[in-house]
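The numbering used here runs 2 ahead of the 1-based position in the sequence shown.
Here the structure comes first, spelled out in C-alpha cells, and everything after it is commentary.
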Amino acid sequence: FSHYAGWQGFITVRNALLPGSSKGITDQVPWTTFTDPEVAHVGMTEEQARKKLGDDVLTNTWPMRRVDRALNEAEDTGFLKLIYRKDRKLLGVTIVAAEAGEMINEWVVAMKHGFKADELASAIHVYPTYSTASMQASAAVLIKSLLGGLSGEVIKRFAHVRH
C-alpha cells in the first residue's frame, strides 16, 4: 500500500527530527481496490471480529440504493457495512460503492479516535453526497440502540398508540 509506505516515511522523518517517537505501525490501515464499484475497508472484517469477539459483534449494512447521490448518478450498486461491538465500539467498515475510496476516509478518522458506530449520525453531511451513506448507516445504528431494551419498548408502544 503506497499510502501506508508514505505514512511510515513521514513517521520516520518525524521521529528523526522531533522529540518523542512513534512506531509507524497501525492495525487500522485502510485500503481501496479501484474496481467498478470500488471496494474500501478499514479495521476488522466481520469474519475477523466474530472470530475474536464472538457474539459481541453486530453489523449494519446500508445499501447505496438508499443514498440520493448514488441514485442521481445511477451508481446505486453496493453498500456501506459497519462492524461494531454491542457497546457500539466501531471495529471495522467495508464500503462497496462508486466513491468508496473517498467515503472510507471519515471512517479512518472515526476509528483512529475511538468513535462509536453511531457517532457520525450527529455530524451534518453535505447533501447530496455519497458520504451521506455514512451518516445514514450511523443513524441506523443509533436508532437500533435507542429502540432496544425497556426504553425502546416504551417508545415503540407509545408510537404505536399515537398512530
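Idealized CB from N, CA, C, for every residue including glycine.
Keep in mind the model is a prediction, meaning the values are calculated, not measured.
Cβ-based neighbour list, residue i, same chain, cut-off 7 Å, excluding 5 preceding and 5 following
i	result
Lys158	Leu149
Thr35	Val41
Arg68	Gln138
Leu144	Asp120 and Ala123
Residue i - partner residues in DSSP beta bridges
i	result
Leu84	Asn62 and Val95
Glu49	For Glu49, which the question treats as bridged, DSSP gives no partner whatsoever.
His43	Trp33 and Thr96
Residues of its chain near residue i, where Cβ-Cβ distance is below 6 Å and the 5 sequence neighbours each way are ignored
i	result
His162	none
Classification of residue i by the beta-carbon crowding that lies within 10 angstroms, buried from 16 upward
i	result
His165	For His165, the pLDDT reaches just 43, beneath the cut-off of 50, and the residue's location in the model is therefore unreliable, although a value from the coordinates is still provided. That one is exposed.
Gln30	exposed
Leu20	exposed
Integer-rounded CB distance, given that residue j should sit under 8 Å from residue i
i	j	result
Met137	Gly45	No, Met137 and Gly45 are not in contact; Cβ-Cβ is about 19 Å, not under 8 Å.
Phe81	Trp64	6 Å
Ile97	Ala42	5 Å
Leu84	Thr47	That pair is no contact at about 12 Å.
Pro130	Asp70	4 Å
key: Any alpha helix (DSSP H) of 4 or more consecutive residues that is wholly inside the stretch 86-135   = The stretch 86-135 contains these whole alpha helix (DSSP H) runs: 102-114.
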